[in-house]
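Residue numbering for the sequence shown follows my numbering, beginning at 626 and increasing consecutively. Below is one structure, written out as structure tokens; the observations come after it.
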Amino acid sequence: MIKRTMMRPRDIIAFFNTCISQATNSPRITQETLRIAEGEYSLGRFRALGDEWIEDFPKLLDFLGLFKKSPSDFELNELTDERLGEWCLEFLDFDSSQSCFLVESSLQFFNGAMTGSVYRQIIAGVLYRIGFLGLKTESFNSITYAEPERRNIASSDISDDCVCRIHPMYWRALGVKPT
Numbered sequence: 626m627i628k629r630t631m632m633r634p635r636d637i638i639a640f641f642n643t644c645i646s647q648a649t650n651s652p653r654i655t656q657e658t659l660r661i662a663e664g665e666y667s668l669g670r671f672r673a674l675g676d677e678w679i680e681d682f683p684k685l686l687d688f689l690g691l692f693k694k695s696p697s698d699f700e701l702n703e704l705t706d707e708r709l710g711e712w713c714l715e716f717l718d719f720d721s722s723q724s725c726f727l728v729e730s731s732l733q734f735f736n737g738a739m740t741g742s743v744y745r746q747i748i749a750g751v752l753y754r755i756g757f758l759g760l761k762t763e764s765f766n767s768i769t770y771a772e773p774e775r776r777n778i779a780s781s782d783i784s785d786d787c788v789c790r791i792h793p794m795y796w797r798a799l800g801v802k803p804t
């Protein structure tokens, strides 16, 4: 249960409240109740992420569609230029009146003004900052997630070989496959 939170009391309370809500009219919380509650909680936290960052990234939730049904862990270079190009076609097809750094970077990549490697660094840096991705930047390090006192990561620390992990909080909302 704790792994599905960002270790913030509000996340733990929200998950627990969702479990209680699902267990209404039942004397106990079952495995099935937890499974259903986890899905509801994950979707709620996913939407809350979009709300939290709407000022900076108004199209964030559309952008995160890139990770639907993806594995939980992957090397950054698995987001190939071809896959990113196809994604940009889909992502940029939405109403582009809500421009933001992610939209502008996607346009630059799609138009050939930015390399795939730089675009991947930008994606990883932004998604790390908002708590969606954890990063393992060196083989001897473990995966870390952004913390309130350390939200940013230098782009020079992000290489195509770094390992990324989608935060377990969002797995159910996006149909992410645990690896």
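By construction, the Cβ of each residue, glycine as well, lies at the ideal position given by its N, Cα and C atoms.
Environment of M632 [buried if 16+ CB atoms lie within 10 Å]: Burial call: exposed.
DSSP state of I791 mapped onto helix, strand, coil: DSSP places I791 in strand when its eight states are reduced to three.
Short Cβ contact (8 Å threshold) for S697 with I791: Cβ atoms of S697 and I791: closer than 8 Å.
Cα-Cα separation, Y795 to M739: In a straight line, the C-alpha of Y795 is about 29 Å away from that of M739.
A798 to E763 span [Cα, whole Å]: Taking the straight line from one Cα to the other gives about 29 Å.
Boundaries (first-last residue) of the beta strand (DSSP E) holding F699: From DSSP, the beta strand (DSSP E) with F699 extends over D698 to E700.
Which listed residue (N766, K761, P773 and E772) has its alpha carbon closest to that of F821: The chain is shown from 626 up to 804; residue 821 falls before or after that span and cannot be answered.
Residue from F640, V728, S781 and N650 whose Cα sits closest to the Cα of F663: Inspection of the sequence shows that residue 663 is occupied by Glu rather than by Phe. That would be F640, whose Cα lies nearest to the Cα of E663.
Contacts around A648, its chain only, beta-carbon distance under 7 Å, and the 5 residues preceding and following it disregarded: Answer for A648: I654 and T658, listed in chain order.
Three-state secondary structure (DSSP) of L717: DSSP places L717 in coil when its eight states are reduced to three.
Enclosing alpha helix (DSSP H) for G800 [first to last residue]: Boundaries cannot be given for G800, as no alpha helix (DSSP H) includes it and DSSP labels it neither H nor E.
Cβ distance (whole Å) where C713 is taken to contact K684 below 8 Å: Not quite, the Cβ-Cβ distance comes to about 12 Å (not below 8 Å), so this is no contact.
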